[in-house]
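Participant: Could you have a look at this structure, given as structure tokens, before my questions?
Residue numbers (this note's numbering), protein chains in the order written: chain Z, 396 to 541; chain B, 396 to 541.
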């Protein structure tokens, strides 16, 4: 759809970084200063809901979402993983996969809740560094799946 | 775990209503005055993350989540479905499946964002009624899956 930001298959450097692109899906590392490591798994075609996909497509997408979760836990050791498909603003299937830490800006709220605290700057910098490792680790995991 | 609210496998009438219980999961209709039809699919055992489950267990759980989504769309005709597994407060796998409407209290934010508006009372009452239908329709769908 011409007015859908996720149908435009480009990503500005200030928004994030493409980790992997397949025929059906792509995975990006979101440039989120408060939540380093935040990833998004996006269905390439404009489809609003998971139940608009076939069972096989759904399974393929969820396999990628949980592959990202697995690698994220391994690389970043978060206190919790958050996984969500919302799309109220952009009704084009995209899964948020977010490493959450007890000292992150929104904990224990959601990534869309009000800020509760400031994460110490050196901690954020360390997580930022880890999120760069995440990119290569996700690529390797997806190559292993394929 | 003794201090986990989701390990206590009971539900107070003011919190919601059990729709279905299986060996591994249960489905409840959440009593949410702002978001009638809000359902939760809960893994019965205390497991924090999706990637702590086996592939088969994960598939079983997601089949139920998407069965709830399918029935919710059919019965309630929402503008969008929101699906999320967060667990920052209660790290015991539970999926929120939420019918969202352009006039609901939080739209276009998440169900955990600040309120943006008041839904007209008769509209809420009508959705409340629909959510009662949802209970039977989900039971029928799960019976069909089994």
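Virtual Cβ for every residue (Gly too), placed ideally from N, Cα, C.
If you draw a straight line from the alpha carbon of residue 491 of chain Z to that of residue 401 of chain Z, how long is it in whole angstroms?
Facilitator: By 1-based counting over the first chain, the position of residue 491 of chain Z is 96. By 1-based counting over the first chain, the position of residue 401 of chain Z is 6. When rounded, the distance between both Cα atoms is 13 Å.
Participant: Three or more C-beta pairs closer than 8 Å, one from the region 485-499 of chain Z and one from the region 508-527 of chain Z: is that the case here?
Facilitator: Taking 8 Å as the limit for Cβ pairs, the verdict is that the region 508-527 of chain Z does touch the region 485-499 of chain Z.
Participant: Going by C-alpha to C-alpha distance, which of Z/419, Z/517 and Z/483 sits closest to residue 503 of chain B?
Facilitator: The residue you call residue 503 of chain B lines up with position 108 of the second chain. The residue with the shortest Cα to Cα distance from residue 503 of chain B is Z/483.
Participant: Can you give me, in chain order, the residues of the region 521-540 of chain B that have a beta carbon less than 8 Å from any beta carbon in chain Z?
Facilitator: For the region 521-540 of chain B, which is checked against every Cβ of chain Z, not one residue is closer than 8 Å.
Participant: For the region 484-518 of chain Z, which residues have a CB atom closer than 8 Å to at least one CB atom of chain B, in sequence order?
Facilitator: Per Cβ criterion, the list reads 484, 486, 495, 502, 503, 504, 505, 507, 508 and 509.
Participant: Can you check whether the C-beta of residue 461 of chain B is within less than 8 Å of a C-beta belonging to chain Z?
Facilitator: Looking up residue 461 of chain B in the second chain gives position 66. Judged by the 8 Å Cβ criterion, residue 461 of chain B is in contact with chain Z.
Participant: Flag residue 477 of chain Z as yes if its beta-carbon sits less than 8 Å from any beta-carbon of chain B, otherwise no.
Facilitator: Position 82 of the first chain, counting from 1, holds the residue named residue 477 of chain Z. Yes, residue 477 of chain Z lies at the interface with chain B (some Cβ there is under 8 Å from its Cβ).
Participant: Of the choices Z/481, Z/409 and Z/476, whose alpha-carbon is the least far from that of residue 437 of chain Z?
Facilitator: Position 42 of the first chain, counted from the first residue, corresponds to residue 437 of chain Z. Residue 437 of chain Z has its Cα closest to that of Z/481, out of Z/481, Z/409 and Z/476.
Participant: Tell me, to the nearest whole angstrom, how far the beta carbon of residue 462 of chain Z is from that of residue 536 of chain Z; I am working on the premise that it is less than 8 Å.
Facilitator: Position 67 of the first chain holds residue 462 of chain Z. Position 141 of the first chain holds residue 536 of chain Z. Contact flag correct, Cβ pair sits at about 5 Å.
Participant: Check residue 424 of chain B in the structure and name its three-state DSSP category.
Facilitator: By one-based count along the second chain, residue 424 of chain B stands at place 29. Residue state, collapsed to three classes: strand.
Participant: Would you mind listing the alpha helix (DSSP H) stretches within the region 454-496 of chain B that are 4+ residues and don't spill past its ends, in chain order?
Facilitator: Runs found: none.
Participant: Output the boundary residues of the beta strand (DSSP E) element that contains residue 436 of chain B.
Facilitator: Position 41 of the second chain, counted from the first residue, corresponds to residue 436 of chain B. Per DSSP, residue 436 of chain B belongs to the beta strand (DSSP E) from 434-438.
Participant: Counting along the chain, where does the alpha helix (DSSP H) carrying residue 533 of chain Z start and finish?
Facilitator: As a working mapping, residue 533 of chain Z is identified with position 138 in the first chain. It spans 516-540 - the alpha helix (DSSP H) in which residue 533 of chain Z sits, taken as one unbroken run.
Participant: Which two residues bound the contiguous beta strand (DSSP E) that contains residue 415 of chain Z?
Facilitator: By 1-based counting over the first chain, the position of residue 415 of chain Z is 20. From DSSP, the beta strand (DSSP E) with residue 415 of chain Z extends over 411-416.
Participant: Is the CB of residue 397 of chain B under 8 Å away from at least one CB in chain Z?
Facilitator: Counting from one through the second chain, the residue named residue 397 of chain B turns up at place 2. Judged by the 8 Å Cβ criterion, residue 397 of chain B is not in contact with chain Z.
Participant: I want to verify the contact list: residues of chain B whose CB lies under 7 Å from the CB of residue 453 of chain Z, in sequence order.
Facilitator: The residue you call residue 453 of chain Z lines up with position 58 of the first chain. Neighbours of residue 453 of chain Z on chain B, chain order: 461.
Participant: Does residue 428 of chain B get closer than 8 Å to chain Z when you measure Cβ to Cβ?
Facilitator: Residue numbering aside, residue 428 of chain B sits at position 33 when the second chain is read from its first letter. Taking Cβ atoms only, chain Z never reaches closer than 8 Å to residue 428 of chain B, which makes this a no.
Participant: Using C-beta distances below 8 Å, list every residue in its chain close to residue 465 of chain B, excluding the 5 sequence neighbours before and after it, in chain order.
Facilitator: Taking the first residue of the second chain as position 1, residue 465 of chain B is located at position 70. Hits under 8 Å: 536.
Participant: Taking residue 432 of chain B as the reference, give the member of B/439, B/475, B/451 and B/486 with the closest Cα.
Facilitator: Position 37 of the second chain, counting from 1, holds the residue named residue 432 of chain B. It is B/475.
Participant: Straight-line CA distance for residue 505 of chain B to residue 521 of chain Z?
Facilitator: Taking the second chain and counting its residues from 1, the one referred to as residue 505 of chain B is at position 110. Taking the first chain and counting its residues from 1, the one referred to as residue 521 of chain Z is at position 126. Cα-Cα distance, rounded: 29 Å.
Participant: Where does residue 449 of chain B fall in DSSP's three states?
Facilitator: For the purposes of this step, residue 449 of chain B is taken as residue 54 along the second chain, with counting starting at 1. Three-state DSSP puts residue 449 of chain B in coil, outside helix and strand.
Participant: Output needed for residue 396 of chain B: all residues of its chain with C-beta closer than 6 Å, excluding positions within five of it in sequence on either side, in chain order.
Facilitator: Against the second chain, residue 396 of chain B aligns to sequence position 1. Excluding sequence neighbours, residue 396 of chain B sits near 402 and 441.
Participant: Excluding five sequence neighbours on each side, which residues of the same chain lie with their C-beta closer than 7 Å to the C-beta of residue 453 of chain Z?
Facilitator: Numbered from 1 along the first chain, position 58 holds the residue referred to as residue 453 of chain Z. Correct list, in chain order: 445.
Participant: Less than 8 Å between the CB atoms is what I'm expecting for residue 412 of chain B and residue 530 of chain B, so what's the real figure, rounded?
Facilitator: In the second chain, the residue the question calls residue 412 of chain B occupies position 17. In the second chain, the residue the question calls residue 530 of chain B occupies position 135. Right, their Cβ atoms sit about 7 Å apart.
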